[in-house]
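Enquirer: Could you have a look at this structure, given as structure tokens, before my questions?
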Amino acid sequence: MRRTSAVWKNMLFGAWKEAKPTEGPWVVELPEDKPESVRTLLAIIHSKFDIVRTFVYLNQLHDILLVTDKFDMISVIRPWASAWVQMAAFGAGVGEEVSLCDRALGIHVAGELGIDNMLSLETRELIFGAPVVQDGADMRVTYNGKHIRFESYAAPSDLVIAGLRLALIQTLLDFYHAEIRCRTRDEGACQAISTSIYDGNSERPVCDSLLLGSLFRTQHRLGLDPLPLKADKFLGSAHSLMVFLSAMFSALPCLNARHNGCSPSKKYMDFEAKTKSNKKWLDVVRPEHKQRMAPQRKKLGLPKL
């Protein structure tokens, strides 16, 4: 144990050795560490390789890496790292079937193992796919009844990711409310050009009223009204809001052929595509995170993934 961990060396043979009783067994309590994870690492240290699992689930790998990070001993899992990395990356899927908890666990695992692609994927999926808590202050992800704060040195903190999720949702809400406001003002938003001396601009307010009323009716029919002004009041995810806005804007009617360009449907499609490709949400993994992941990969003998 001393040879595999500088922390254990100090605990067992350093200044903490004074805590060793003169009589009886010396018991060191580690209440925060999962017994199964510590048992796995002790089996590796004592060459009991037959009881070390080749396959581990994401939550089990998360627990093991919590211990290796705490005691600065990640290099001991090097013989199993390649297989465990593949399993961790395989578990990082896209879509609703992956829970918010799995995303948080995946961020921690990816950061500790130095898996660049997995870390980028999981952070993006949380930004776009996780619901916002009511006070907007935290993600409140729990695992085994305990709050997970995945502010690993090798990954963006949960507060950074929560802030970006709020910013993304605010961007979407701002677009929606801008479309509402422009149709309630005197100048309106109708893009039709008058073709007759008799109709003048008479169709413009009718066009705006039609679209404005249709927006609210469609919103009510889709079961999401009213939309708040501020992102911290919206409890859904950015992805769910995008789906709703796309369905709502695409369902809007037009007054007649001259008003085909008045609907915000095409405008929203372009806006959504531009928003999704914004590097603000895509490049969350900063250089300082990558700098820590490189030594982690070296300790584990892993290529850059």
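Count the sequence shown with full-length UniProt numbering and you get residues 1 to 305, in order.
Ideal placement from N, C-alpha and C gives every residue a C-beta, glycine not left out.
Determine the extent of the alpha helix (DSSP H) in which M248 is found, giving its start and end residues.
Expert: A238 to S250
Enquirer: Considering only the beta carbon of each residue, do Y268 and L227 sit closer than 7 Å?
Expert: no
Enquirer: Span of the alpha helix (DSSP H) holding W281?
Expert: K279 to L282
Enquirer: Which of the three DSSP states is assigned to G129 in this structure?
Expert: If DSSP states are grouped into helix, strand and coil, G129 belongs with the helices.
Enquirer: Among K9, L229 and F244, whose alpha-carbon lies nearest the alpha-carbon of T218?
Expert: F244
Enquirer: Among P156, L159, D116 and R165, whose alpha-carbon lies nearest the alpha-carbon of A130?
Expert: Comparing alpha carbon positions, the residue from P156, L159, D116 and R165 closest to A130 is R165.
Enquirer: Assuming A189 and D174 form a contact by the criterion Cβ under 8 Å, report the distance between their Cβ atoms to the nearest whole angstrom.
Expert: Rounded, the Cβ-Cβ distance is 16 Å, inconsistent with contact.
Enquirer: Looking only at its chain, what residues have a beta carbon closer than 8 Å to the beta carbon of V38, apart from the 5 residues adjacent to it on each side?
Expert: L30 and V67
Enquirer: Can you tell me which of I77, M73, H46 and K48 puts its alpha carbon nearest to the alpha carbon of V56?
Expert: I77
Enquirer: Any idea if F249 is buried or exposed, counting beta-carbon neighbours within 10 angstroms, 16 or more meaning buried?
Expert: buried
Enquirer: Throw me the rounded Cβ distance for the L113 and A155 pair, which I believe falls under 8 Å.
Expert: Between A155 and L113 the Cβ distance is about 11 Å, and since that is not below 8 Å, they are no contact.
Enquirer: What three-state label does DSSP hand P31 in the structure shown?
Expert: coil
Enquirer: Measuring only the C-alpha atoms, how far is P264 from H220?
Expert: Distance between the alpha carbons of P264 and H220 is about 18 Å.
Enquirer: Compare the Cα-Cα distances from E288 to each of G213, D116, K276 and E179 and report the closest residue.
Expert: D116
Enquirer: Quick one, are the C-beta atoms of D72 and V7 less than 7 Å apart?
Expert: The Cβ atoms of D72 and V7 lie closer than 7 Å to each other.
Enquirer: How big is the Cα-Cα spacing for A246 and G163?
Expert: Sequence check: residue 246 is Ser here, not Ala. In a straight line, the C-alpha of S246 is about 24 Å away from that of G163.
Enquirer: Span of the alpha helix (DSSP H) holding I110?
Expert: Looking at the sequence itself, residue 110 is Ala, so the reference to Ile does not match. L100 to L113 is the extent of the alpha helix (DSSP H) around A110.
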